[in-house]
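Protein chains in written order, with our numbering: chain A, 1 to 159; chain B, 1001 to 1386. C-beta: ideal position from N, C-alpha, C; glycine also.
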Amino acid sequence: MNAPEISEKLRSKFGDAILEVKAEALSDPFVKIKPGMLSEISLYLRTDGDLQFDFLMCLSGIDHGKNILGVVYNLYSMTKRHKITIKVELPAEKPEVGSVALIWPSAGWHEREAYDLFGIVFTGHPDLRRILLPEDYPGHPLRKDFKVPEFYGGMKVPY
Amino acid sequence: MPRLNDGALRTTTGRILRREEMAINMGPQHPSTHGVLRLELVLDGEIVVDVIPHIGYLHRCFEKHAEAMNNYQQVIPYCDRLDYISSMNMDWAYVIAVEKLLGIKVPERVEYIRVIMAELQRIASHLIAIGTYGLDVGAFTPFLYCFRDREGILDLFEMTCGARLLYNYIWVGGLAFDLPAGFIDKAKAFCEYFRPNIKELNDLLTYNEIFVKRTAHVGILPADVAIAYGCSGPMLRGSGVDFDLRRDDPYSIYDRFDWTVQVGKGEVGTLGDCWDRYMVRVREMEQSLNIIEQALRQIPAGDVFSAIPKRIRPNPGDVYARSEAPRGEMGFYIVSDGSATPYRVKARSPSFVNLSVLPEISRGYMIADVVAIAGSVDIVLGEVDR
């Protein structure tokens, strides 16, 4: 299936939960969905006979600025050989979205990374800990408003 | 190991240790972890009950750095340092993503040179993987043979761009330099020299009985688990999944060459064991040689610089582009806001994702097998931690 067909299928199944579809874009075609519906839509994408998205290529956190964070899911189907990108946007005050680590186990570490670097909380994640930075690191460095702390662990941070 | 109020010993993940269990750290400084990786092993005697990998010791804020550059080209030297033993493939993966964002095509000759460099780099990288894997399970000589042959490739790179390890050679829209005089003959000579050495390596290591006993039936990764965990490259193909981005999600000019995708068959053990993953790498070197020889024959003359401005400003948008690095799917997710600096760069590195399956395939084996299993995953901490 190509991107317009996939997004049409999602729209007919989930209706209001699909916020924006850009299937003919110059960049990768994507479907923006309501964060609350992520788990349901993911499970559908993974299990539906025509879609069978069994391979999560990439999961990226992003800071859109203006107090909006986002998560981008790049999906691929090994059996059907098609792709789609799913996007969600979250308010920066309460960046919470359901975890897909039980649907695609590869999301486990990617979600830990997004939690570590952006502070996005993935509810229902089996083991949500920091992954790259030390456990006691202050803040989430990939947020655009992050300031490097002057001192860390009692030592002055260079530059 | 935090001990909470109830007095029970716990692992980092909160699992309470049973009376007969013990938790031991392997690493961060350990010869078989190929860098600064710490594995928290939960052991029952010598049997591994669980493995908890701890990464991040080599985190260099690649993604934050990329957002602080003045332009897109400045990110390329940082990409070199992701997987520092296959820098060409890292550069190329990033450049593919930027070129996709810009929507440009590069000259024919550039594509050929990039393929030649990427495949040479793949051989060099697999040689390290194979050599150090032998070292992990106790064979020292093959390591020296592999490094001897890798020198030939590094000499070719040095002659092309002056660097032996971190090249900064593949640029957006072209290359840093054209091929130097005499490169094609030297590369052909290397292919002729190297092909018989693969047989030598097989006689020395691959079918060595001790090596087979250490690696066959160990660390079995079933195909469905490999796909679910996002494994790619030799990890995925070792489990019998016939999938290679060069053929199945084609980029550049790989469709012009005659070569085959190598998959594990479970010849000496079970499908998806350590030996299968190792063998996929050995056979891929032969295929890379095939591709290089064809590319050297077909390479056209021409310019290696396409006309793009010094300061590129892609239209706002985002792309995810992936390519087949020696360790698997190297993907870059790049977001542009229309300015000259990338708004967000995410590196989806193959080792990072492949490593996440390690606990799944290590449970129930002995401690010594963990060394063999971790070696067969073939991680480079530079790209795991970024």
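task = Measure from the alpha carbon of A:I62 to the alpha carbon of each residue in A:P35, A:L117, A:E8, then state which is nearest.
result = Start at 1 with the first residue of the first sequence, and residue 62 of chain A comes out as number 62. Checked all of A:P35, A:L117, A:E8; the closest Cα to A:I62 is A:L117.
key: Best match in A:D136, A:L132, A:S42 for proximity to B:E1063 [C-alpha to C-alpha]   = Translated into positions along the second sequence, residue 1063 of chain B becomes position 63. It is A:L132.
ask   = Among A:P126, A:K66, A:S99, which one has its Cα closest to the Cα of A:V72?
value = If you number the first sequence from 1, residue 72 of chain A lands on position 72. Per the Cα distances, A:S99.
inquiry  = Run through chain A and tell me which residues come within less than 8 angstroms of B:H1059, C-beta to C-beta.
reply    = As a first step, residue 1059 of chain B must be located in the second sequence, where it is residue number 59. Here the neighbours are L132, L133.
ask   = Given a limit of 7 angstroms on CB to CB distance, which residues of the region 46-75 of chain A reach chain B?
value = Flagged, chain order: D54, F55, L56, M57, C58, S60, I62, V72, N74.
message = Let me check understanding here. Comparing Cα to Cα, which of B:G1230, B:G1035, B:L1201 lies closest to B:H1059?
response = For the purposes of this step, residue 1059 of chain B is taken as the residue at position 59 of the second sequence. Sorting B:G1230, B:G1035, B:L1201 by C-alpha distance to the C-alpha of B:H1059 places B:G1035 at the top.
request  = From the DSSP output, read off the bridge partner residues of A:C58.
outcome  = On the first sequence, residue 58 of chain A is found 58 positions in, with the first residue counted as 1. Per DSSP, the beta bridge partners of A:C58 are A:N74.
task = Name, please, each residue of chain A whose Cβ falls closer than 8 angstroms to the Cβ of B:A1163.
result = Here the question's residue 1163 of chain B lines up with position 163 in the second sequence. Listed along chain A is no residue with a C-beta nearer than 8 angstroms to that of B:A1163; the closest approach is about 27 angstroms.
query = Does DSSP classify A:L117 as helix, strand or coil?
reply = Residue mapping note: residue 117 of chain A aligns to position 117 of the first sequence, counting from 1. A:L117: helix per DSSP, three-state reduction.
inquiry  = Cβ closer than 9 angstroms: which chain B residues qualify as neighbours of A:R81?
reply    = Here residue 81 of chain A refers to the residue found at position 81 when the first sequence is read from its first residue. Those are D1248, D1249, listed as they occur along chain B.
message = Taking a contact to mean a Cβ-Cβ separation below 8 angstroms, would you say B:L1166 touches B:D1080 in this structure?
response = As a first step, residue 1166 of chain B must be located in the second sequence, where it is residue number 166. As a first step, residue 1080 of chain B must be located in the second sequence, where it is residue number 80. Closer than 8 angstroms, so yes.
request  = Report the option in A:S77, A:G65, A:T85, A:G70 whose CA atom is closest to the CA atom of A:F146.
outcome  = What you label residue 146 of chain A is simply residue 146 of the first sequence in a count that begins at 1. Closest option to A:F146, Cα to Cα, is A:G65.
ask   = Once you ignore the five residues that flank B:R1344 on each side, which residues in its own chain have a CB closer than 6 angstroms to its CB?
value = Counted from its first residue, the second sequence places residue 1344 of chain B at position 344. The beta carbon of B:R1344 sits closer than 6 angstroms to those of V1335, all from its chain and outside the five residues before and after it, given in chain order.
task = Following the continuous alpha helix (DSSP H) through B:I1334, name the residue where it begins and the one where it ends.
result = On the second sequence, position 334 is the one that residue 1334 of chain B refers to. Per DSSP, B:I1334 lies in no alpha helix (DSSP H) segment; the continuous beta strand (DSSP E) that holds it begins and ends at 1328-1336.
task = Could you work out which residues of chain A lie near B:K1105, taking near to mean beta carbons separated by less than 7 angstroms?
result = The residue labelled residue 1105 of chain B in the question sits at position 105 within the second sequence. Within 7 angstroms Cβ-Cβ: nothing; B:K1105 doesn't reach chain A, min ~15 angstroms.
task = Could you spell out the range, first to last residue, of the alpha helix (DSSP H) harbouring B:P1053?
result = Here the question's residue 1053 of chain B lines up with position 53 in the second sequence. It is not in any alpha helix (DSSP H) - B:P1053 instead sits in the beta strand (DSSP E) that spans 1047-1054.
ask   = In terms of DSSP beta bridges, what is B:S1323 paired with?
value = Counting from one through the second sequence, the residue named residue 1323 of chain B turns up at place 323. Its beta-bridge partners are B:M1330.
inquiry  = Give me the residue from B:R1256, B:Y1278, B:D1258, B:N1168 with the minimum Cα distance to B:R1237.
reply    = As a working mapping, residue 1237 of chain B is identified with position 237 in the second sequence. Of the candidates B:R1256, B:Y1278, B:D1258, B:N1168, the one whose C-alpha sits nearest the C-alpha of B:R1237 is B:Y1278.
ask   = Among A:E96, A:K94, A:L90, A:L128, which has the Cα closest to the Cα of A:A107?
value = Stepping through the first sequence from its first residue, residue 107 of chain A is reached at position 107. When only C-alpha atoms are compared, the closest one is A:L128.
Buried versus exposed, by CB contacts within 10 Å (16 or more), B:D1203 = Taking the second sequence and counting its residues from 1, the one referred to as residue 1203 of chain B is at position 203. Exposed.
key: Within 9 angstroms of chain A by C-beta, residues of the region 1249-1277 of chain B in sequence order   = If the cut-off is 9 angstroms between Cβ atoms, the region 1249-1277 of chain B has D1249 near chain A.
query = Under the rule that 16 or more other beta-carbon atoms within 10 Å means buried, what is B:Q1073, buried or exposed?
reply = Sequence index remark: in the second sequence, residue 1073 of chain B carries index 73 (1-based). Note on B:Q1073: 16 or more other CB atoms within 10 angstroms of its CB, so buried under the neighbour-count rule.
query = Who are B:V1036's beta bridge partners in DSSP?
reply = Position 36 of the second sequence, counted from the first residue, corresponds to residue 1036 of chain B. Bridge partners of B:V1036: B:Q1029.
message = Could you compute how far the alpha carbon of B:Y1078 sits from the alpha carbon of B:F1177?
response = For the purposes of this step, residue 1078 of chain B is taken as residue 78 along the second sequence, with counting starting at 1. For the purposes of this step, residue 1177 of chain B is taken as residue 177 along the second sequence, with counting starting at 1. Just so you know, the alpha carbons of B:Y1078 and B:F1177 end up roughly 19 angstroms apart.
task = Taking only beta-carbon positions, decide if B:A1228 is within less than 8 angstroms of chain A.
result = Residue mapping note: residue 1228 of chain B aligns to position 228 of the second sequence, counting from 1. Between B:A1228 and chain A, the shortest Cβ-Cβ separation is below 8 angstroms.
task = To the nearest angstrom, report how far apart A:Y76 and B:A1181 are at their CA atoms.
result = Sequence index remark: in the first sequence, residue 76 of chain A carries index 76 (1-based). Sequence index remark: in the second sequence, residue 1181 of chain B carries index 181 (1-based). Using only the alpha carbons, I get a separation of about 43 angstroms.
task = Check whether the Cβ of A:S39 lies closer than 8 angstroms to any Cβ atom in chain B.
result = Position 39 of the first sequence, counted from the start, is the residue given in the question as residue 39 of chain A. So no, A:S39 is outside the interface.
task = Answer with buried or exposed for A:V148, where buried requires no fewer than 16 other C-beta atoms within 10 angstroms of its C-beta.
result = In the first sequence, the residue the question calls residue 148 of chain A occupies position 148. Flag for A:V148 reads exposed.
ask   = What are the start and end residues of the alpha helix (DSSP H) that includes B:G1375?
value = Along the second sequence, read from residue 1 onward, the residue named residue 1375 of chain B stands at position 375. First-last of the alpha helix (DSSP H) with B:G1375: 1367-1377.
message = Could you check whether B:A1187 and B:I1116 sit closer than 8 angstroms to each other, using their CB atoms as the reference points?
response = Looking up residue 1116 of chain B in the second sequence gives position 116. Looking up residue 1187 of chain B in the second sequence gives position 187. Cβ atoms of B:I1116 and B:A1187: closer than 8 angstroms.
key: Rounded C-alpha distance that separates B:T1132 from B:V1095   = Counting from 1 along the second sequence, the entry for residue 1132 of chain B is found at position 132. Counting from 1 along the second sequence, the entry for residue 1095 of chain B is found at position 95. The alpha-carbon atoms of B:T1132 and B:V1095 are separated by roughly 29 angstroms.
query = Using a Cβ cut-off of 7 angstroms, which residues of the region 1335-1364 of chain B contact any Cβ in chain A, in chain order?
reply = Under the 7 angstroms Cβ criterion, the region 1335-1364 of chain B contributes V1335, R1344, K1346, R1348, F1352, V1353, S1356.
query = If you measure from the beta carbon of B:R1322 to each beta carbon in chain A, is any gap under 8 angstroms?
reply = Start at 1 with the first residue of the second sequence, and residue 1322 of chain B comes out as number 322. By this cut-off, B:R1322 is an interface position.
query = When the cut-off is 8 angstroms and only beta carbons count, does B:F1062 lie next to chain C?
reply = The chain inventory of the structure shown lacks chain C, comprising the protein chains A and B.
ask   = Quick one, are the C-beta atoms of B:A1097 and B:A1321 less than 8 angstroms apart?
value = Residue numbering aside, residue 1097 of chain B sits at position 97 when the second sequence is read from its first letter. Residue numbering aside, residue 1321 of chain B sits at position 321 when the second sequence is read from its first letter. Cβ atoms of B:A1097 and B:A1321: closer than 8 angstroms.
query = In or out: A:F151 buried (at least 16 other Cβ within 10 Å) or exposed?
reply = Indexing the first sequence from 1 puts residue 151 of chain A at position 151. So A:F151 counts as exposed.
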